[in-house]
Amino acid sequence: MTEAPSIINLPLRLEIKQLEELLNEQLGDSLYTGGRSEEDRRLQMDIRKGGDIKLQIQDGEIQYRIPLEMDIAYDLTLGTARANGTIELDFSTSYQIDEAWHLQTQTDLRDHEWIERPRLQLGVVNLPIGMLSDFVIAKAETTVERTIDQLAARYLALDQKVLEAWNKLHRPIQLSEEHQAWLRVQPLDLQMTPLLANDEVIEATLILKAQPRLFFGEDPGPGQLNPFPSFRYAEAAESNFQLLISSVMTYDNAETLARDAVVGETYSSGRRSVTINALRLRGEGEEVVVEVDASGSYNGTIGLSGIPRYNARRDRLEIDKLDYRLATRNFLHRTAAWLFKSRLKKTIQEQLNEQLTANLSSLHDQLKNELKQRELMPGLELRGDLEQLALNGAKVVGEGVELQVLLQGELKIIASGLTQLKAE
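In terms of numbering that gives the first Met the number 0, the sequence shown opens at residue 0 and continues consecutively.
Structure, rendered in structure tokens:
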């Protein structure tokens with residue numbers, strides 16, 4: 000079966016309530032304290048937030064109303080004129096993502112409504128403050144726009160967080176310490192669905208194309224770092240997938256499992272018998288070579304070889320047609336022909352097959368459990384609902400037997416770190 004790229008979903012979810020809390024925290028209670036200008040020191044103003052900001056999503060924009068309260072003092076020759084006022088400002092923030100995955104925001108003041116229009120009064124003097132009102136609106140507009148831009152740059156740095164996740168997914172994650180199984184996702188491409196929003200959340204899904212590989216043995220280290228792709232929108236997120244993982248069961252790993260079952264065993268034919276003292280595995284062409292050191296009625300090394308096959312009918316990995324190698328066969332014919340009548344060859348083949356199959360079955364169960372819910376690294380959690388985990392093929396490669404494992408069902412990586420709003 001040809002190994003094909005896999006599609007993995009990374010859902011993004013940003014709660015509006017979190018955004019409200021952060022915006023209120025960032026904006027603070029006081030928006031401005033001071034004079035209208037350095038030259039005009041007679042006028043002093045205190046502009047503050049009159050209540051919490053509430054957000055709503057409409058027509059692809061974030062809209063919100065900000066209530067402001069103000070205290071105004073103006074130093075006149077006759078004394079100090081004072082006034083209070085209340086105004087509500089309507090803002091909207093649109094957003095887009097550029098090719099470098101940078102989230103850009105555009106905040107505009109759409110409307111304002113005076114709840115209590117301030118009037119500076121001193122005795123019978125009543126001074127209109129139209130210009131002052133314009134200044135208050137302009138000051139609030141500048142402060143809010145700056146705060147939104149800072150919030151997006153600091154907490155919603157999509158470009159930095161997605162790049163960090165992209166690099167992390169090139170590193171292997173240990174799935175099973177017992178089986179020394181490692182998963183490396185190996186990203187190839189990345190797209191994102193358009194942002195969707197309602198009154199509660201802003202959502203999108205990162206569509207990751209990857210070439211996952213399952214390794215056995217020591218930490219295989221990071222894969223080749225593929226270039227970080229430019230931002231592109233994906234039309235839809237695929238929720239079901241067929242994931243074909245090529246993995247290598249190293250000879251050292253398989254040898255350890257087979258050795259536990261074979262070494263120390265005694266095989267007999269009539270009055271003659273041999274005990275297996277050591278076992279070694281290696282590859283040669285398409286074959287797995289098994290070498291056992293024997294003692295007893297025969298002392299020496301016995302070589303056997305066979306081809307690893309996946310038996311679909313029995314759903315198991317087998318060393319097919321294991322037989323004595325030619326040099327061993329010729330030597331045994333001359334010195335220990337009785338070994339051909341023993342169950343040595345058949346027993347080794349059966350035990351190798353049983354151990355490989357038992358190990359594979361145990362690994363299947365282990366991986367199913369590990370893939371249900373597992374933290375890959377801080378901010379990235381894997382969640383899988385797998386309907387099937389089966390071996391589809393096997394072949395000899397330089398370092399071991401390459402297996403093709405088929406996973407079917409649904410697999411997601413929950414990227415909570417990409418929408419983490421709190422400062423570290």
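Heads up, the beta-carbon is just placed ideally off N, CA and C, and yes, glycines get one too.
Where residue 170 sits in the DSSP three-state scheme: Start at 1 with the first residue of the sequence shown, and residue 170 comes out as number 171. Coil, per DSSP.
Segments of 3+ residues assigned as beta strand (DSSP E) that fall wholly inside the segment 20-72: 29-33, 42-48, 53-57
Given 8 Å, three or more beta-carbon pairs between the segment 278-286 and the segment 251-264: yes
As assigned by DSSP and simplified to three states, the class of residue 132: Residue numbering aside, residue 132 sits at position 133 when the sequence shown is read from its first letter. Here residue 132 sits in helix by DSSP.
Where the alpha helix (DSSP H) containing residue 87 begins and where it ends: Your numbering for residue 87 matches position 88 in the sequence shown. From DSSP, residue 87 is part of no alpha helix (DSSP H) but of the beta strand (DSSP E) over 78-96.
Closest by C-alpha distance to residue 262, when choosing among 270, 271, 277: Within the sequence shown, residue 262 is the residue found at index 263, counting from 1. With distances taken between Cα atoms, residue 262 lies closest to 277.
Distance, residue 220 Cα to residue 370 Cα: Start at 1 with the first residue of the sequence shown, and residue 370 comes out as number 371. Start at 1 with the first residue of the sequence shown, and residue 220 comes out as number 221. Cα to Cα, the separation comes out at about 20 Å.
Rounded straight-line distance, which links the Cα of residue 166 to that of residue 187: Stepping through the sequence shown from its first residue, residue 187 is reached at position 188. Stepping through the sequence shown from its first residue, residue 166 is reached at position 167. If you take the alpha carbons of residue 187 and residue 166, they lie about 11 Å apart.
Integer Cβ distance of residue 379 from residue 164, believed to fall under 8 Å: Position 380 of the sequence shown, counting from 1, holds the residue named residue 379. Position 165 of the sequence shown, counting from 1, holds the residue named residue 164. About 6 Å; that satisfies the 8 Å criterion.
Residue 308 versus residue 339: straight-line alpha-carbon distance, rounded: The residue labelled residue 308 in the question sits at position 309 within the sequence shown. The residue labelled residue 339 in the question sits at position 340 within the sequence shown. Taking the straight line from one Cα to the other gives about 24 Å.
Residues bridged to residue 357 (per DSSP): The residue labelled residue 357 in the question sits at position 358 within the sequence shown. Paired residues: none, contrary to the question.
Per-residue burial, residue 113 [other beta carbons within 10 Å of its own, 16 or more giving buried]: As a working note, residue 113 is residue 114 in the sequence shown. With fewer than 16 other Cβ atoms within 10 Å, it is exposed.
Same chain only: Cβ atoms within 6 Å of residue 100, ignoring 5 sequence neighbours per side: Locating residue 100 in the sequence shown gives position 101, where the first residue counts as 1. Counting only Cβ-Cβ distances below 6 Å, and skipping sequence neighbours, we find 157, 158, 161, 230.
Separation of residue 175 from residue 181, as counted between CA atoms: If you number the sequence shown from 1, residue 181 lands on position 182. If you number the sequence shown from 1, residue 175 lands on position 176. Each residue's alpha carbon lies about 7 Å from the other.
Among 10, 77, 107, the one whose alpha carbon lies nearest that of residue 144: One-based indexing of the sequence shown puts residue 144 at position 145. It is 107.
The segment 70-90 / the segment 38-52 touching (three or more Cβ pairs under 8 Å): yes
Bridge partners - residue 310, DSSP secondary structure assignment: Counted from its first residue, the sequence shown places residue 310 at position 311. Answer by DSSP bridge pairing, in chain order: 315.
Residue range of the unbroken alpha helix (DSSP H) whose run includes residue 254: Your numbering for residue 254 matches position 255 in the sequence shown. Counting along the chain, the alpha helix (DSSP H) containing residue 254 begins and ends at 250-261.
C-alpha distance - residue 300 paired with residue 344, whole-angstrom precision: Walking along the sequence shown from the start, residue 300 turns up at place 301. Walking along the sequence shown from the start, residue 344 turns up at place 345. The alpha-carbon atoms of residue 300 and residue 344 are separated by roughly 13 Å.
Bridge partner(s) assigned by DSSP for residue 113: Position 114 of the sequence shown, counted from the start, is the residue given in the question as residue 113. Bridge partners of residue 113: 86.
Segment contact flag, the segment 221-228 with the segment 313-324, C-beta cutoff 8 Å, min 3 pairs: no
Straight-line Cα distance separating residue 268 from residue 295: Translated into positions along the sequence shown, residue 295 becomes position 296. Translated into positions along the sequence shown, residue 268 becomes position 269. Between residue 295 and residue 268, the C-alpha separation is close to 12 Å.
Counterpart residues of residue 302 in DSSP-defined beta bridges: Here residue 302 refers to the residue found at position 303 of the sequence shown. Partner(s): 290.
Residue 180: first and last residue of the uninterrupted beta strand (DSSP E) it sits in: Here residue 180 refers to the residue found at position 181 of the sequence shown. That run of the beta strand (DSSP E) goes 180-183.
Chain-order list of residues whose beta-carbon lies under 6 Å from that of residue 196 (same chain, five-residue window excluded): The sequence position of residue 196 within the sequence shown is 197, counting from 1. Excluding residues within five positions, the ones whose Cβ falls inside 6 Å are 56.
Alpha-carbon spacing of residue 329 relative to residue 183, whole angstroms: Numbered from its first residue, the sequence shown carries residue 329 at position 330. Numbered from its first residue, the sequence shown carries residue 183 at position 184. Using only the alpha carbons, I get a separation of about 46 Å.
Pair within 8 Å by beta-carbon distance, residue 321 and residue 350: As a first step, residue 321 must be located in the sequence shown, where it is residue number 322. As a first step, residue 350 must be located in the sequence shown, where it is residue number 351. It is not a contact, given that the beta carbons lie outside the stated cut-off.
Nearest-angstrom Cβ-Cβ length linking residue 88 and residue 52, presumed shorter than 8 Å: Reading the sequence shown from its first residue, position 89 is the one you call residue 88. Reading the sequence shown from its first residue, position 53 is the one you call residue 52. Not really, about 10 Å apart at Cβ, beyond 8 Å.
Under the three-state DSSP convention, the category residue 188 falls into: Position 189 of the sequence shown, counted from the first residue, corresponds to residue 188. In the structure shown, residue 188 sits in a strand (DSSP, three-state: E or B).
Distance between beta carbons of residue 232 and residue 204, contact taken as under 8 Å: As a first step, residue 204 must be located in the sequence shown, where it is residue number 205. As a first step, residue 232 must be located in the sequence shown, where it is residue number 233. Contact flag wrong, Cβ pair sits at about 11 Å.
C-alpha gap between residue 365 and residue 324, whole angstroms: Mapped onto the sequence shown, residue 365 falls at position 366. Mapped onto the sequence shown, residue 324 falls at position 325. Distance between the alpha carbons of residue 365 and residue 324 is about 36 Å.
Sub-8 Å separation of residue 25 and residue 149 beta-carbons: As a working note, residue 25 is residue 26 in the sequence shown. As a working note, residue 149 is residue 150 in the sequence shown. The answer is yes: Cβ separation under 8 Å.
Residue burial classification, residue 209 (beta-carbon count within 10 angstroms, cutoff 16): For the purposes of this step, residue 209 is identified with residue 210 of the sequence shown, where counting begins at 1. Residue 209 comes out buried.
Reduced DSSP category for residue 153 - H, G, I as helix; E, B as strand; rest coil: Within the sequence shown, residue 153 is the residue found at index 154, counting from 1. Helix, per DSSP.
Residue 225, DSSP secondary structure in three states: To locate residue 225, count along the sequence shown from 1; it is residue 226. Correct three-state label for residue 225: coil.
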